[in-house]
Each structure stands twice: as C-alpha cells, then as structure tokens.
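Undergrad:
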Amino acid sequence: LFASVEMAPRDPILGLTEAFNADTRATKVNLGVGVYYDDNGKIPLLAAVREAEKVRLESAPPRGYLPIEGIPGYNTAVQQLLFGADSPLLAAGRVATFEALGGTGGLKIGADFLKRLQPDAQVWISDPSWENHRALFEAAGFKVNAYPYYDATSQGVNFDGMLACLNGLPANSIVVLHACCHNPTGVDLTAEQWPRVVEAVKARGLIAFLDCAYQGFGDGIEADAAALRIFGASGLDFFVSSSFSKSFSLYGERVGALSIVTESKEEAARVTSQVKRVIRTNYSNPPTHGAAVVAAVLTTPALRQQWEKELGEMRERIRAMRTGLVDKLAAAGVSRDFSFVTRQRGMFSYSGLTSAQVDRLRDEYGIYAVGTGRICLAALNSKNLDYVGNAIAAILKG
Ligand code: LMR
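If you read the sequence shown in UniProt numbering, its first letter stands for residue 5, the second for the next number, and so on.
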C-alpha cells in the first residue's frame, strides 16, 4: 500500500523547528518559526493566563462536548476584539463567529466553506505570503495565484502593482489579506491605503479574507484592527481568521476563530448552519481549555488589563530587538542600511538575506531562518543578540 509513497519535503517553517530541535549546538538560535520568546529564551506563560487557568481548574468543570461553533462567550469576545465592542456589525448580528483550531483552523474552515460556495473561484495571496496560505487553499481545492505586494527596492509595498492586479480580477476571486503585521515581510498597508483596497474589492465584486494572527504586536490592539474596522464599515461581506496563539502565548492550545461578516442577522444564521456542517465533518467540535481561558481573560476586567500590559511588553521587547539588531549590525561594520528592520511591524523581518546566506547561518552558526530570509525578531534576546548580529555581519561580509 505504501510502497510508492514518496518522502514529502519538510514544512518550510515547522520543519525548521524539527531541524533546530535536533541540533546539538548550545549556541543555536531559532529565528525560523513565528513564536515569541522572552529575554531568557523561554516561551512565556502569561500571568493573566495562569490566573484564569487556576480559577478554571479550581472549579473542576465537567468535560462535555462544546457546541459545534465553540464557546458562545468566546466567540462574542473575539468579535468585540476584532470589530470593537460598540461595532454596528455586532449590534446588527451580522457576524457569525466560530471557535477554530488556531488561525490556521479558521482559514481552513473558511476555505472549505468557500469551496462549497464558489467552487470555480481562484484565490489570490500576497507575493510573498505566509508559506501555508498557498498550501492550505490548494488543499481546499483552489487554484492559488499571487498579487504583487513586497517591493524589495523600497522595502515597502508595491501598492500600485497590488491595486492594478486587484482591479483586474474577475468577480468572486478570493483575496487573502494580512490585517496587520504582514507575514513574512513585516510591511503593512497604511490607513490611507486600506480604503482603496476596499474600493477595489467592492468595484470588482471580490471576496476578501483577512488573516489576523498578530493583533497587538504592531502598534496596539485597537490600532492593529484598523483594516478590520475599515472593512467592517464598508458594507461588504468578508471573512476573518484570527488567532490567540501569539497574543496569549498559547500556541499549543490552538485557540483561534473564523468570523464571517454577512449582510444581516438572518443571513448570518444561514451561514452559521452551513459552516457548522463543515466543522462537524472536519473535527466535530472544538476543544475547551484554551478558548475558556482566553474568554475568561478577555471578559474579566482585572485579567484583561493584565493581559494588555503583558502584550504591550512583548510588543515593546520585539521593538527593542529590532533596534538592537540594526545597531549591532552597524557596530559590526556592516555598511548596508538595515534601518528598514525598525520600520517593519510584528514578529518578522524580511531581512534581505539570500537563501545561500540563510544556509550558511544555519550550517556555520546554528542560527535558523526561513529560506526566504524571513527572521523572527521575537526570538532575539539580550543574550543572543551579539551572537546573531555578529554571525549575520560575518556572513554579509562574505
Ligand atoms: C509562522 O509563520 O512562523 C507561524 O505562523 C507559525 C506557523 O504555523 O507557520
């Protein structure tokens, strides 16, 4: 049965962690996967999460099945975070939200539902995009294309190219957009550019699917929701996948959501009934623990305040590492201007390192980065910054 099964290539991101874990060098650093490590190189357990978990465990709740769509209070808290507690969308009941297995789970349920809805549509992702976007939509049966996004010369967005592409797409094309902290480039659209994207989506009858995995890691929880709010005010129907993996440091609990903005409460009810079928045939219903913890933190004022403080500290630490790396490279004699790293948002930098340079970093220094040159600044700390900076400098100098 399996004689003809070929060995699949390693996952471009999670496969790096496999290789990193097998590396025995004490100085190794994993700048590959998008995970936040604290200054001691540990994945933090947030104090707000710890407190909510304690309360939950003490109450020894029974472990029944959740509803197919997940914990209702969690789904409401997700909607409020994405669209704002006072959003007219929520008051009108236009949003259907489903607890999902991380942001990836939200994307997958959305992709499967879209395939039933628009079987002939094609998907457009940014060039470049998160590696798994293409694979995931292809696995759902779609042809996946790319719209222009990153401009290597300006280290910014090729916005004219992007708009020209969107304005040439057939109706019902599915356009995947990064709501904030673009992965992998760290380069976002501005508050002035988003309305023009909305205009194009409207004019061409496109279907927007916003991926929001890093809310709070750019400029703050509210500021990072700007694109969602602009889409929310547009009258359009659209999809949002969201994740608490990073913002709650709950990677392994797989806490995310899919939210679908519809035209009316009645439409939301019909959409909900169909998405529930998609979920039921995938994994039946979602797990309880992570979503219960997140819902408790988001809806308990003292815990919410604590979480916002901790999220702010993570954001600030990453910013300090951006500046630290740029300073370190300059101090190590690198003449290339790396100041763009401080202008990028979120966990990542599209560093400009070539795939050969990435290979050398791994082979010679045990420093792991994605083959495209994407590095995760959230894995830098006061102890490894010199090592990483000097290694990159040495490789850049040849
Ligand atoms: C990443 O881009 O590194 C993260 O989103 C983790 C993942 O699942 O790829």
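Heads up, the beta-carbon is just placed ideally off N, CA and C, and yes, glycines get one too.
Let me check you understand the geometry: is the CB of G350 closer than 6 Å to at least one non-hydrogen atom of the ligand LMR?
TA: no
Undergrad: So if I measure from each beta-carbon to every heavy atom of the ligand LMR and keep distances below 5 Å, which residues remain?
TA: I17, V37, G38
Undergrad: Could you tell me how far apart the beta carbons of P290 and A104 are, in whole angstroms, since I believe they sit closer than 8 Å?
TA: 7 Å
Undergrad: Less than 7 Å separating the beta-carbons of D228 and V265?
TA: no
Undergrad: Between I371, T376, S8, which has its C-alpha nearest Y391's C-alpha?
TA: Nearest C-alpha to Y391: I371.
Undergrad: Could you tell me the alpha carbon to alpha carbon distance between A150 and H137, rounded to whole angstroms?
TA: 11 Å
Undergrad: To the nearest angstrom, how far is it from the Cα of Y218 to the Cα of F141?
TA: The straight-line gap from Cα to Cα measures roughly 20 Å.
Undergrad: Quick check: the Cα distance between V259 and G38, rounded to an integer number of angstroms?
TA: One alpha carbon belongs to V259, the other to G38, and they sit about 16 Å apart.
Undergrad: Could you tell me whether the region 194-213 touches the region 293-307, where touching means 3 or more Cβ pairs closer than 8 Å?
TA: no
Undergrad: So the candidates are P66, T80, N34; which of them puts its Cα closest to the Cα of A299?
TA: T80
Undergrad: Only counting the same chain, and skipping five residues up and downstream in sequence, which positions put a Cβ closer than 7 Å to that of I129?
TA: H137, R138, V148, A150, V180
Undergrad: Which of the three DSSP states is assigned to T78 in this structure?
TA: It should be pointed out that residue 78 corresponds to Tyr in this sequence rather than to Thr. Residue state, collapsed to three classes: helix.
Undergrad: What are the boundary residues of the beta strand (DSSP E) that includes D367?
TA: First-last for D367: 359-369, but that is the alpha helix (DSSP H), not the beta strand (DSSP E).
Undergrad: Taking Q159 as the reference, give the member of F146, D192, C169 with the closest Cα.
TA: Nearest C-alpha to Q159: D192.
Undergrad: In chain order, what residues of the same chain have a beta carbon less than 6 Å from the beta carbon of A100, not counting five sequence neighbours either side?
TA: I264, A272, V275, T276
Undergrad: Quick one: what does DSSP say N136 is sitting in, helix, strand or coil?
TA: helix
Undergrad: Does the contact criterion of 3 or more C-beta pairs under 8 Å hold for the region 22-34 versus the region 363-370?
TA: yes
Undergrad: Go ahead and pull the three-state DSSP assignment for A298.
TA: Checking the sequence, you will find Val at residue 298 rather than Ala. Of the three classes helix, strand and coil, the one that applies to V298 here is helix, per DSSP.
Undergrad: Can you check whether the CB of G356 is closer than 7 Å to the CB of G328?
TA: No, the pair does not count as a contact, with Cβ atoms beyond the cut-off.
Undergrad: Quick one: is F213 buried, meaning 16 or more other Cβ sit within 10 Å of its Cβ, or exposed?
TA: buried
Undergrad: Assign Y354 to buried or exposed, taking buried as 16 or more other Cβ atoms, counted over all protein chains shown, within 10 Å of its Cβ.
TA: Y354 should be labelled buried.
Undergrad: Kindly indicate the opening and closing residues of the beta strand (DSSP E) around S263.
TA: 259-265
Undergrad: Within this structure, are the beta carbons of L307 and A52 separated by less than 7 Å?
TA: Going by C-beta atoms, L307 is nearer than 7 Å to A52.
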